[in-house]
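To start, the structure itself, in structure tokens.
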Amino acid sequence: MSSERQARLADRIRVLIAQRLEKGLRDPRLGFVTITDVRVTGDLQHASVFYTVMGDEKERQDTADALRAATGMLRSEVGRQLGVRLTPTLEFIHDAIPENAVHIEDLLREAAERDAAVAGLAAGATHAGDADPYVKPRELDDAE
Numbered sequence: 480m481s482s483e484r485q486a487r488l489a490d491r492i493r494v495l496i497a498q499r500l501e502k503g504l505r506d507p508r509l510g511f512v513t514i515t516d517v518r519v520t521g522d523l524q525h526a527s528v529f530y531t532v533m534g535d536e537k538e539r540q541d542t543a544d545a546l547r548a549a550t551g552m553l554r555s556e557v558g559r560q561l562g563v564r565l566t567p568t569l570e571f572i573h574d575a576i577p578e579n580a581v582h583i584e585d586l587l588r589e590a591a592e593r594d595a596a597v598a599g600l601a602a603g604a605t606h607a608g609d610a611d612p613y614v615k616p617r618e619l620d621d622a623e
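If you're matching positions, the sequence shown starts at 480 in this note's numbering and goes up one per residue.
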């Protein structure tokens with residue numbers, strides 16, 4: 480039962496923060512942010528908010544600074560709209576899923592290229608010994 484409540488609270492926090500970021504924070508450092516996931520602890524006292532940012536490393540760092548600066552305001556707004564007795568603390572964590580996905584795609588592409596090279600080598604290969612290396616029982620002639 481507690482995990483269902485955690486999931487509902489996490490989903491509601493994700494929606495509220497996303498709506499607030501969509502309206503804007505009046506912080507020029509804030510880039511194009513997407514809230515990917517929110518995880519709430521079992522005691523509902525802490526929420527980890529995972530986000531991604533479009534752009535280069537400088538834009539990611541500026542957005543992280545802007546979110547850290549706006550954490551108090553976002554927490555008070557979440558608390559006001561949630562209607563729970565204790566508002567969970569918010570921690571913003573950059574989600575590296577897009578970067579990891581690109582890296583995995585590169586590795587898979589490289590593996591496919593290597594497999595194609597090995598298949599090309601195997602197509603023209605011949606056996607190192609006899610075509611059938613297994614010893615077969617001697618066949619008896621009719622005279623024997």
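The beta carbon of each residue, even a glycine, is placed where N, CA and C say it ideally should be.
Asked: Relative to the alpha-carbon of residue 565, which residue among 488, 482 and 483 has its alpha-carbon at the smallest distance?; Found: 488
Asked: When you compare only the Cα positions, how much space is there between residue 595 and residue 585?; Found: 15 Å
Asked: Check each candidate in 569, 545 and 618 and name the one with the smallest Cα separation from residue 505.; Found: 545
Asked: Please state whether DSSP places residue 561 in a helix, a strand or coil.; Found: helix
Asked: Enumerated in chain order, which unbroken segments of the alpha helix (DSSP H) with a length of 4 residues or greater are wholly contained in the stretch 538 to 600?; Found: 550 to 561
Asked: Are three or more beta carbon pairs between the stretch 554 to 561 and the stretch 598 to 618 nearer than 8 Å?; Found: no
Asked: Roughly how many angstroms lie between the CA atoms of residue 552 and residue 519, to the nearest whole one?; Found: 19 Å
Asked: Measure the Cβ-Cβ separation of residue 521 and residue 485 and say whether it is below 8 Å.; Found: yes
Asked: Can you tell me whether residue 494 is helix, strand or coil according to DSSP?; Found: helix
Asked: In the DSSP assignment, what are the bridge partners of residue 506?; Found: Paired residues: none, contrary to the question.
Asked: Can you tell me whether DSSP reads residue 604 as helix, strand or coil?; Found: coil
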